[in-house]
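J.: Got a structure for you, questions after.
Number of protein chains: 4
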Amino acid sequence: MQAHVIRLPMAHPGDLSALDRILAEGLIRADGIVAVIGKTEGNGGVNDFTRGYFTQSLMALLSRKRGQPQDDLIKQIPCVLSGGTEGVLSPHYVVLSRSGVTATTRSDHAALAIGTAMSPPLAAEHVGRKAHVLSVADAVRAAMDQAHIEHAGDVHFVQVKCPCITSVRAEAAKARGQSVVTSDANRSMAFARAAGAFGVALALGEIEPGKVSDAALLQDFDVFSSCASVSSGVEVDANEVIVLGNSRYWSGPLQIAHRPMADALDIGAVVAMLGDLGIEANPQVAERDRSRLHGVFVKCEPDRRGQVRGHRHTMLDDTDINAQRHVRGALGGLVAGVIGDSRIFVSGGAEHQGPDGGGLIAAIAERASVSGGG
Amino acid sequence: MQAHVIRLPMAHPGDLSALDRILAEGLIRADGIVAVIGKTEGNGGVNDFTRGYFTQSLMALLSRKRGQPQDDLIKQIPCVLSGGTEGVLSPHYVVLSRSGVTATTRSDHAALAIGTAMSPPLAAEHVGRKAHVLSVADAVRAAMDQAHIEHAGDVHFVQVKCPCITSVRAEAAKARGQSVVTSDANRSMAFARAAGAFGVALALGEIEPGKVSDAALLQDFDVFSSCASVSSGVEVDANEVIVLGNSRYWSGPLQIAHRPMADALDIGAVVAMLGDLGIEANPQVAERDRSRLHGVFVKCEPDRRGQVRGHRHTMLDDTDINAQRHVRGALGGLVAGVIGDSRIFVSGGAEHQGPDGGGLIAAIAERASVSGGG
Amino acid sequence: MQAHVIRLPMAHPGDLSALDRILAEGLIRADGIVAVIGKTEGNGGVNDFTRGYFTQSLMALLSRKRGQPQDDLIKQIPCVLSGGTEGVLSPHYVVLSRSGVTATTRSDHAALAIGTAMSPPLAAEHVGRKAHVLSVADAVRAAMDQAHIEHAGDVHFVQVKCPCITSVRAEAAKARGQSVVTSDANRSMAFARAAGAFGVALALGEIEPGKVSDAALLQDFDVFSSCASVSSGVEVDANEVIVLGNSRYWSGPLQIAHRPMADALDIGAVVAMLGDLGIEANPQVAERDRSRLHGVFVKCEPDRRGQVRGHRHTMLDDTDINAQRHVRGALGGLVAGVIGDSRIFVSGGAEHQGPDGGGLIAAIAERASVSGGG
Amino acid sequence: MQAHVIRLPMAHPGDLSALDRILAEGLIRADGIVAVIGKTEGNGGVNDFTRGYFTQSLMALLSRKRGQPQDDLIKQIPCVLSGGTEGVLSPHYVVLSRSGVTATTRSDHAALAIGTAMSPPLAAEHVGRKAHVLSVADAVRAAMDQAHIEHAGDVHFVQVKCPCITSVRAEAAKARGQSVVTSDANRSMAFARAAGAFGVALALGEIEPGKVSDAALLQDFDVFSSCASVSSGVEVDANEVIVLGNSRYWSGPLQIAHRPMADALDIGAVVAMLGDLGIEANPQVAERDRSRLHGVFVKCEPDRRGQVRGHRHTMLDDTDINAQRHVRGALGGLVAGVIGDSRIFVSGGAEHQGPDGGGLIAAIAERASVSGGG
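Protein chains in written order, with the numbering used here: chain V, 4 to 377; chain B, 4 to 377; chain X, 4 to 377; chain Z, 4 to 377.
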């Protein structure tokens, strides 16, 4: 079994022409596609419809190519999009696919492994609460099994997309006699992300089951997963999970690495993570190494204490620009500068994902020996 | 003559308490203050009143301390503010002051030199046109003379603040029978910045006088100044100029350096500029060197061709967030990450300031021998 | 021939479920649908993808129902969407359809008549220029012919959707050696709307052909059409035209009326227009009359002189919120208050559409005798 | 004792030139000024510094005119500003002043009466909680006493400005070992407004003391005051209260009236309130009556149930534009259209101020006989 990772541009959120071409050329097979992770140029908030637009367009394309109904595909293929290409960030999507059959024995080299899972639909009254955590944890375990990743330590990036609570959904829950954790839609996205991160941490053994409670979400920030990246959006009603790691049951030139980021200025983590992949940045990744990188993923967060290294920031007090948009733009600028490429997946809302006020960075790269020729 | 540079925080745009304390402690003298450059937490656009608020508060404080009327001070002391602390950027201001008397002979070491000048008020019909260019050039020359900087090559940073055209000013000009270059206020700020940059380039000999025309502004982007940083705002009606360079007529431990930035990902320029000051960033400036830095200034620009290194950006097509806010956040994230400090002056609108799609970076630092050892 | 007008809600820009239901119930026939006018909850600017998302969803539905390829439908059925449901405005769409055959003789009563047309694709270098005007005028004449509206005076509302110039399109034009009227995307939408309005005015005889020139667009605001409503958006590359009027060749209970609005406070025009339809608002339309209204259309504009009736407004100097968003919210609040219903199509950018600083209002209503009595 | 009400324009938030002129002309006396209510062109959110800028400028002017230190004035004269001039709204301020001496007996006619009060500073941990309610109630009672308004029924408008919780203040409270009701700054403004409204309702006997609890704030929306208008902002640390009513101990031509608004489309309440003042709007106030109006005050709220009269609105799910900005623009458009004047004080955030989803409207006008006749 081999994982393939292709990064493609879009001219607008409904533009899947690049994937259409790739499929026509036969570079990857439509029925091998297992997940898509992308950045669209919306606002990343509750009313960001670029995610739904992209997803609809993707599923229409795959439906034609695979001869399956869109409604089936949407339940099989996680399409996790983060809205918001602030600053230099470039709208793009990473197509994850598989080919070959599962190896029955381990090889010498671990290679990139991909697993996916979808939870059952989650009612609005469960969003951002313990039931949400457990639902995500179950899905993460299922995805790890599917990927033949035996140890939690071999997992480097878990992307989760969770539903949130719009005012319409909140009213519906109330009509059913249920309460919701918040009726503020943006706030509900934060609770959903927190629940997703707890779910990943629980599945990977980063926290003990006894520590999971409604009260800890968005409160106890010492609890976090070091490789969870959770988004929340109006366009899903179930939890979608993508697990990326390295496994000796998989083959091919790709590997993945990750590092936690201590804060929004932690350029050291970026450089160290690249070093894990055998790539130097001094101060920028050289052209020949840049082409070895097939996907870069960042999760970040405006420090809730209002300061970055002792100096006041204004992200949390801004009524004009959402705080997540601010921090995505800053981290996007930093990481794109180090990599020399603006196709960076930067997602805000890193509650319980990496250290408080920080986040994490991960990347998928070809091994040097492979591209170098040896 | 010695230049002093102190960087201070503000809790809000009307908060001058840090300067008040510094003056009370006698660290610098109120009557030695010659200019202030700062970043306030407004939107950086036409309706950014944080600049006016800060200026009013500053002048009220200095009026009390110096016993001069505010109206006089405002004509003597350029207070150049860039609104917008997007992303990690921290609201702060850099107070430039002088002490001692002018040396009559050159010393061995060049040290930071400061000169300032104010043009006469500029009518709305001249904003963004050739008359504007000539007005700025005259002011730059006056400021260089004042600073005893003999060669254009010793100038490293010229900060200019130009008036713009609000709808009220446009109507007034029309009532006088005059046309304005544009009645779109945000557009007028771009024209004003272009005129300012041409004025600096003209004064420093970077372009020939024959190349200055109304038509070249915002059109011929091969023309640029490599050390102009121009802002435009509703709160001024004249051009305010601050020239910073190194001169052997000045003494003290401070020096200034600058580098053009080729594009928004040019981390190499940041590291090289720090190298000019004897400061290493590998990948981040070390704690002990960070304290040697007293001011970092960046000018940048969303690439008008819609791409950064071949990948589409969305800054120019965004109706929700102004393009300059986008690019300030990205560059702020990058430079703050390299320096390890979020008190970076990042100003957008770099038309004709640095290469097209790029900009410039400058910093003031103590010499290593001074802080390291003496 | 009879016109049908149905106003439907959407839960999000990809939600066509209401139309799906209506078609399933047989209330109107899918192959009778000739145009759709709607308001989606985007920002109404260049990066408003809610329009493309809705259109894609609509065409997918109609393709299923009519058995025609989407690519054909998109060239047959104008789908004119205005993004931006500021304030109380409710996302909705008005489906215009026809049934029966064309009458060969005039009846006693004029009834609502609908005609549509599409121009050939318009290159970016023609957008906002004279060629654009002529293209729109041709399409308006074609739509009038189709609707059997003989006199320009019987036309009450002409909805036009024009292409604009994104940065990508501008670069493409430059690569072809062509210049564009502006490379500022938002500005290009204004030029496109101006060209559309001139086109309508030309077709309806509101201006003489000699007055049409590049120079008059966005300059000579004494030139306007009293019943043009022009939008511009990134999602179209040709001019789409819908002509609504009253004609004795059509039957049925519906009629249309319109009035110019002198300024953004012109509540009198709203009440007078309702009066033309036999509906009283004192101060609000009564419940029983409200149900007679099937569509309300407003076009408006922030006064470019910066004042409304002598008092300064701030719409044009706001860097946080686009001016058109401001004015749509204000007019939406006013008209929704008079009608008692927030499903109002309010479109900004009324350059040359109604008097300078004002706009126009139109509505489609059933005749009183019909609903009152039958 | 006679109340004077003068409505003045501002060119920007630091522009007090109109008041300066009025004082120079002697139309009112500087030492008679007791309160100012105004709309400035900020965003109305946590980072709206236009309010602080205006207040600083006002106090500087009054300090010069009255020969009192600014620090004293700021504790004596409530200056309640609402940021946000969305749509047609015009930045302006209403200066409330008094002349003459208190009558010892009642006259035949009740005339406008003004009372003010300031609470002690309120710590961040009390903001939005029961202690906040009681603090406001005490201040309202003190202001009523000062105004010689005997019956709660004679009070028509109570303007309160409450402090909120910025991230800096929240951190400070936590450092003191105290918890805050929320560390989300915008959310804290909502809690503060709720506490203010409960305080007014308590003082006016609209609710029973037993119903006041932390839990009821922002939860039990059946509790509301019919004449409270509460703002919250970063620029105050105490509750500022202005009580406006009619009293027979006061003389002069001015009177005040108010009506609750059932929802955002309640044009009937606007017309009825005008009727209470003897002013007809059919559909718009006539020119001669318009000049009798000296101040119009609206408080409104995006309906938290997500609908206006059964149709979905998008205000609460918008990440680009704050919900209060949306609703102010809509109500501003409606009321300005009825009055024919865009100088309307419209303040959002009407939690517990008027019916849920609605708000209130009040106006001060000269009696008809006075202006009409001679």
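Ideal Cβ placement from N, Cα and C applies to all residues, glycine included.
Source: prediction; values computed, not measured.
1. Apart from the five residues on each side of it in sequence, which residues of its chain come closer than 7 Å, Cβ to Cβ, to residue 346 of chain V?
2. Measure from the alpha carbon of residue 5 of chain Z to the alpha carbon of each residue in Z:162, Z:248, Z:330 and Z:277, then state which is nearest.
3. With which residues is residue 232 of chain Z paired in a DSSP beta bridge?
4. When the Cα of residue 105 of chain B is compared with those of B:341, B:38 and B:255, which residue comes out closest?
5. For residue 56 of chain Z, which of helix, strand or coil comes out of DSSP?
6. Check each residue of the segment 182 to 206 of chain B: if its Cβ is closer than 8 Å to any Cβ of chain X, include it; give the result in chain order.
7. Can you give the Cα-Cα distance for residue 376 of chain V and residue 369 of chain V, rounded to whole angstroms?
8. Do residue 258 of chain V and residue 363 of chain V have their C-beta atoms closer together than 7 Å?
9. Within 10 angstroms of its Cβ, does residue 335 of chain X collect 16 or more other Cβ (buried), or is it exposed?
10. Specify the secondary structure class of residue 197 of chain Z as computed by DSSP and reduced to three states.
11. May I ask you to list, following chain order, the residues of the segment 159 to 179 of chain V that have a beta carbon less than 7 Å from some beta carbon of chain Z?
12. Taking 7 Å as the cut-off, decide whether the C-beta atoms of residue 182 of chain V and residue 167 of chain V are in contact.
13. Just the C-alpha distance for residue 328 of chain Z and residue 186 of chain V, rounded to the nearest angstrom, thanks.
14. Leaving out the 5 sequence neighbours to the left and right, which residues in its chain are closer than 6 Å to residue 149 of chain V when beta-carbon positions are compared?
15. Using a C-beta to C-beta distance shorter than 8 Å, which residues of chain V count as neighbours of residue 30 of chain B?
16. For residue 213 of chain V, count neighbouring C-beta atoms within 10 Å of its own C-beta (all shown protein chains included) and say buried if the count is 16 or more, exposed if not.
17. Between which two residues does the beta strand (DSSP E) harbouring residue 245 of chain B extend?
18. Can you give, in chain order, each stretch of the beta strand (DSSP E) that sits fully within the segment 62 to 90 of chain Z and has at least 3 residues?
19. Which chain X residues sit within Cβ distance under 7 Å of residue 308 of chain B?
20. Just the Cα atoms here: how many angstroms apart are residue 275 of chain Z and residue 287 of chain X?
21. In whole angstroms, give me the CA-to-CA distance for residue 280 of chain B and residue 342 of chain B.
22. Return the chain-ordered list of same chain residues with a C-beta closer than 8 Å to the C-beta of residue 83 of chain B, the five sequence neighbours on each side being excluded.
23. I want to verify the contact list: residues of chain D whose CB lies under 7 Å from the CB of residue 48 of chain B, in sequence order.
24. Can you list, in chain order, the stretches of the beta strand (DSSP E) that have 3 or more residues and sit fully within the segment 121 to 186 of chain Z?
25. Verify the CB distance criterion: does residue 220 of chain X have a CB-CB separation below 7 Å to chain B?
26. Could you pull the DSSP bridge partners for residue 10 of chain B from this structure?
27. In angstroms with no decimal places, state the Cα-to-Cα distance between residue 32 of chain Z and residue 61 of chain Z.
28. Please state if the CB of residue 277 of chain V and the CB of residue 267 of chain V are separated by a distance shorter than 7 Å.
29. Please determine, among Z:359, Z:202 and Z:170, the residue with the shortest C-alpha to C-alpha distance to residue 189 of chain Z.
30. Do residue 73 of chain Z and residue 2 of chain Z have their beta-carbon atoms positioned less than 7 Å apart in this structure?
31. Answer with yes or no whether the minimum CB distance from residue 270 of chain X to chain Z is below 7 Å.
32. Among residues of its own chain, excluding the 5 on either side of residue 333 of chain B, which ones have a beta-carbon nearer than 7 Å to its beta-carbon?
33. Using a Cβ-Cβ distance under 7 Å, would residue 92 of chain B count as near chain X?
34. Tell me which same chain residues have a C-beta within less than 7 Å of the C-beta of residue 23 of chain B, skipping the five on either side of it?
35. Helix, strand or coil for residue 15 of chain B, going by three-state DSSP, please let me know.
36. Might you give, ordered along the chain, the residues of its own chain that have their beta carbon closer than 6 Å to the beta carbon of residue 199 of chain X, omitting 5 neighbours on each side?
T.: Walking through what the data contain:
1. Same-chain partners within the cutoff: 10, 93 and 95.
2. Answer by Cα proximity: Z:248.
3. Under DSSP, residue 232 of chain Z forms a beta bridge with Z:162.
4. Comparing Cα-Cα distances from residue 105 of chain B to each of B:341, B:38 and B:255, the minimum goes to B:255.
5. Three-state DSSP puts residue 56 of chain Z in a helix.
6. Interface annotation for the segment 182 to 206 of chain B against chain X: 186, 187, 188, 189 and 190, criterion Cβ-Cβ distance under 8 Å.
7. With a pLDDT of 36 at residue 376 of chain V, under the threshold of 50, the modelled position of this residue cannot be trusted, and the question is left open.
8. Going by C-beta atoms, residue 258 of chain V is not nearer than 7 Å to residue 363 of chain V.
9. With 16 or more Cβ atoms within 10 Å of its Cβ, residue 335 of chain X is classed as buried.
10. Note: residue 197 of chain Z maps to helix in three-state DSSP.
11. Against chain Z - using a Cβ distance shorter than 7 Å - the residues of the segment 159 to 179 of chain V are 169, 170, 171 and 174.
12. Here residue 182 of chain V is not near residue 167 of chain V, since their CB atoms are 7 Å or more apart.
13. Approximately 19 Å, taken between the alpha carbons.
14. Here residue 149 of chain V has 118 as same chain residues with Cβ atoms under 6 Å from its own Cβ, once five neighbours each way along the sequence are excluded.
15. Residues of chain V whose Cβ lies closer than 8 Å to the Cβ of residue 30 of chain B do not exist, since the nearest Cβ in that chain is about 20 Å away.
16. With fewer than 16 other CB atoms across the displayed protein chains lying within 10 angstroms of its CB, residue 213 of chain V is exposed.
17. Run containing residue 245 of chain B: 241 to 250, per the beta strand (DSSP E) assignment.
18. If we require 3 residues or more, the beta strand (DSSP E) runs fully inside the segment 62 to 90 of chain Z come out as 82 to 86.
19. 174, listed in chain order.
20. When rounded, the separation of the alpha-carbon atoms in residue 275 of chain Z and residue 287 of chain X is 12 Å.
21. Using only the alpha carbons, I get a separation of about 13 Å.
22. Once the five neighbours on either side are set aside, the close Cβ partners of residue 83 of chain B are 38, 39, 40, 41, 162, 163, 164, 234, 243 and 245.
23. Judged by its chain identifiers, the structure shown contains no chain D, and its protein chains are V, B, X and Z.
24. As far as the segment 121 to 186 of chain Z is concerned, its whole beta strand (DSSP E) runs of at least 3 residues are 158 to 166.
25. Closer than 7 Å: no.
26. Within the DSSP bridge table, the entry for residue 10 of chain B names B:97 as partners.
27. When the Cα atoms are used, residue 32 of chain Z and residue 61 of chain Z turn out to be separated by approximately 14 Å.
28. No Cβ-Cβ contact shorter than 7 Å links residue 267 of chain V with residue 277 of chain V.
29. Of Z:359, Z:202 and Z:170, the smallest CA-CA separation from residue 189 of chain Z is found for Z:170.
30. Given that chain Z is displayed from residue 4 to residue 377, the structure contains no residue 2 of chain Z and the question cannot be resolved.
31. Residue 270 of chain X counts as touching chain Z.
32. Here the set comprises 267.
33. Not one chain X Cβ lies under 7 Å of residue 92 of chain B.
34. Excluding sequence neighbours, residue 23 of chain B sits near 64.
35. If DSSP states are grouped into helix, strand and coil, residue 15 of chain B belongs with coil.
36. Excluding residues within five positions, the ones whose Cβ falls inside 6 Å are 139, 163, 165 and 233.
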